[in-house]
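For what it's worth, this note's numbering labels the leading residue of the sequence shown as 51, then goes sequentially. Read through the structure below, which is laid out as structure tokens, and then see the notes.
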Amino acid sequence: MATYNRNVNRQERRAVPVRSQAVSRISVEEQARQLADEIIADRDRERRISRLGKIYTRFDEVDDVLSNNVETITRGLFSGNVASLTAMAKSTTLTATQERYYYEINDTSGNSQFSIAYGHFHGSGSGDLSTQLNNDTPARAIYKQYAQTLLSPTDKKFTFGSTDSDSIYVLNFNRARIREKLDPGNFEITLRHISASANGVDGAEISSSNFIQIIDDSSLTSATLGESGQVYNLVSGSLDHSNGTNINGTTVFGLLYPQYGVAILNADQLDKKIDAGGIDLQTDTDTTEGFNNRKLYTALSSSHGAATAGGRTGGIQARSSEQVKSTYYFVRAKNAEFNYSNNPTYVTGSLGQLSYNSFKTNPQTYITSVGLYNNRRELLAVAKLSQPLLKNYTREALIKVKLDF
Numbered sequence: 051m052a053t054y055n056r057n058v059n060r061q062e063r064r065a066v067p068v069r070s071q072a073v074s075r076i077s078v079e080e081q082a083r084q085l086a087d088e089i090i091a092d093r094d095r096e097r098r099i100s101r102l103g104k105i106y107t108r109f110d111e112v113d114d115v116l117s118n119n120v121e122t123i124t125r126g127l128f129s130g131n132v133a134s135l136t137a138m139a140k141s142t143t144l145t146a147t148q149e150r151y152y153y154e155i156n157d158t159s160g161n162s163q164f165s166i167a168y169g170h171f172h173g174s175g176s177g178d179l180s181t182q183l184n185n186d187t188p189a190r191a192i193y194k195q196y197a198q199t200l201l202s203p204t205d206k207k208f209t210f211g212s213t214d215s216d217s218i219y220v221l222n223f224n225r226a227r228i229r230e231k232l233d234p235g236n237f238e239i240t241l242r243h244i245s246a247s248a249n250g251v252d253g254a255e256i257s258s259s260n261f262i263q264i265i266d267d268s269s270l271t272s273a274t275l276g277e278s279g280q281v282y283n284l285v286s287g288s289l290d291h292s293n294g295t296n297i298n299g300t301t302v303f304g305l306l307y308p309q310y311g312v313a314i315l316n317a318d319q320l321d322k323k324i325d326a327g328g329i330d331l332q333t334d335t336d337t338t339e340g341f342n343n344r345k346l347y348t349a350l351s352s353s354h355g356a357a358t359a360g361g362r363t364g365g366i367q368a369r370s371s372e373q374v375k376s377t378y379y380f381v382r383a384k385n386a387e388f389n390y391s392n393n394p395t396y397v398t399g400s401l402g403q404l405s406y407n408s409f410k411t412n413p414q415t416y417i418t419s420v421g422l423y424n425n426r427r428e429l430l431a432v433a434k435l436s437q438p439l440l441k442n443y444t445r446e447a448l449i450k451v452k453l454d455f
């Protein structure tokens, strides 16, 4: 008897869930229809509202926003985005003591472009200033400063090829001009030979038609990565590709640190005779003041001397490089949208009547700017159009807004 009752109860329990499932299925379908009707009604309501005037529109993240676009932009390194600097002048605002450390070089309009400095590992090439200890001359201070900035902690000297050098020249470009870094493959220095009799004298004459052109070797090899980022060798060559090649030799004249905007030149190589690949710069490594900054400045600037070297003037060609991340927002103004304005000039009178009766059925507005808002409707950015854009019921507009980071 007990067993029979249990079987009956199980059958009854099985029958109840079948009816519940059917009811639940009908309920879900009804809810789905109601939700679909609500969505359709919301869309219809939005369409009706849009014809009465619309202020805010949400971006569709898939169709309207294009993010994380990386673009590399290069510009001429010097003032006015000019890529070549030949005529230059030493700044007149530096004191005599400052000039013993570096020369600040301006263009002919007086705008700062870069600085020239001479450094020696042992401090030679400049006299010891008063009250300084341990032969801490300007030349030694310059060498140590750039070695600490550009070399690894275990490396004390600059190495060119496989040879260490105690004597260096530094070209340090204005930080505001290099932006992110110097552009490898677009860097060239032209140095002219100056006469020994006039060496180191402002306004020195060019002694002959001899000159050297130096570029980075990024077209041949990848950069070496160090503590200071990318490093390229500076070798003999030209940016002029008319002869089919731009690398003329493998002699290392210096090192280029693009991300620091610094070029380190090997004074030992520049001091070599013309037939040995140098310009006979005759760097002074005595313990007295050698005015070495002036020597490189004279060889570099076309403002010095009436003659040119083989038709070439001294100077620098360089470009800056910068990676810009951009996000594009596509603002779509359909024919029924944004045809009315909340500009005070659109209405007149104390009751806010339309300025023109024709605007009731045929509104005419001009789009002049686009505002980008967050979810709290706080204005984050404003994009201005180059000229007003007519908008009415017969016209649609697609405006691309670009934000750079």
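Glycine included, C-beta positions come from ideal geometry on N, C-alpha and C.
Counting C-beta atoms within 10 angstroms of its own C-beta, T209 has fewer than 16 neighbours from the protein chains shown and is therefore classed as exposed. About 7 Å separates the beta carbon of V285 from that of I264, a gap short enough to meet the 8 Å contact definition. Annotation: the segment 167 to 254 contains the following complete segments of the alpha helix (DSSP H) (minimum length 4 residues), in chain order: 188 to 200 and 225 to 228. Taking F380 as reference, the option from D321, S391 and L448 with the minimal CA-CA separation is L448. Short of 6 Å from the beta carbon of F128, and not among the five residues preceding or following it, lie these beta carbons of its own chain, in chain order: L135 and Q163. Looking at the backbone, the Cα of S351 and that of F237 are separated by about 16 Å. With contacts defined as CB atoms closer than 8 Å, S405 and Y396 qualify as a contacting pair.
With contacts defined by Cβ atoms closer than 8 Å, A146 and G169 do not form a contacting pair.
D157 sits away from R369, with the two beta carbons spaced by 8 Å or more. Per the Cβ contact rule, the segment 306 to 313 is in contact with the segment 197 to 213 (3 or more Cβ pairs under 8 Å). A direct Cα-Cα distance of roughly 13 Å separates G276 from N283. With contacts defined as CB atoms closer than 8 Å, S217 and T335 qualify as a contacting pair.
N407 sits in a helix when the DSSP states are folded into three classes. Remark: fewer than three beta-carbon pairs, one from each stretch, lie closer than 8 Å, so the segment 110 to 124 and the segment 137 to 156 are not flagged as touching. Annotation: R427 to I105 spans about 11 Å, alpha carbon to alpha carbon. In its chain, beyond the 5 residues on either side, S405 have a beta carbon closer than 6 Å to the beta carbon of T398. By the C-beta density criterion, F388 is buried, having at least 16 other C-beta atoms within 10 angstroms.
Per DSSP, reduced to three states, the secondary structure at Y152 is strand. A check of alpha carbon separations from S288 across D266, T274 and G279 identifies D266 as the nearest. Contact between N343 and Y152 holds, with the beta-carbon distance rounding to 7 Å and staying under 8 Å.
The three-state reading of DSSP puts V78 in helix, counting H, G and I together. Around the C-beta of G340, 16 or more other C-beta atoms lie within 10 Å, and the residue is accordingly described as buried.
Sorting Q437, K323, I324 and S176 by C-alpha distance to the C-alpha of T187 places S176 at the top. Take the alpha-carbon of T213 and the one of L270: they are about 21 Å apart. In chain order, V397 place their CB closer than 7 Å to the CB of Q403, counting only its own chain and leaving out the 5 sequence neighbours on each side. Looking at the DSSP output, K140 shares a beta bridge with I155. Residue environment for L221: buried (at least 16 other C-beta atoms within 10 angstroms of its C-beta).
When DSSP reads this structure, D454 sits in a beta bridge with S376. V78 counts as exposed, since fewer than 16 other beta carbons sit within 10 angstroms of its beta carbon.
When secondary structure is reduced to three states using DSSP, S269 falls in the coil class, being assigned neither helix nor strand. Buried is the label assigned to F303, since at least 16 other Cβ atoms lie within 10 Å of its Cβ. Straight across, the Cα-Cα distance linking T274 with I228 is about 20 Å.
Annotated as proximal: A383 and K441, with beta-carbon spacing under 8 Å. Close CB contacts of L453 within its chain, under the 6 Å cut and outside five residues either way in sequence, are with T377 (chain order).
Counting along the chain, the unbroken beta strand (DSSP E) around T124 starts and ends at V115 to G126.
About 5 Å separates the beta carbon of Q373 from that of T122, a gap short enough to meet the 8 Å contact definition.
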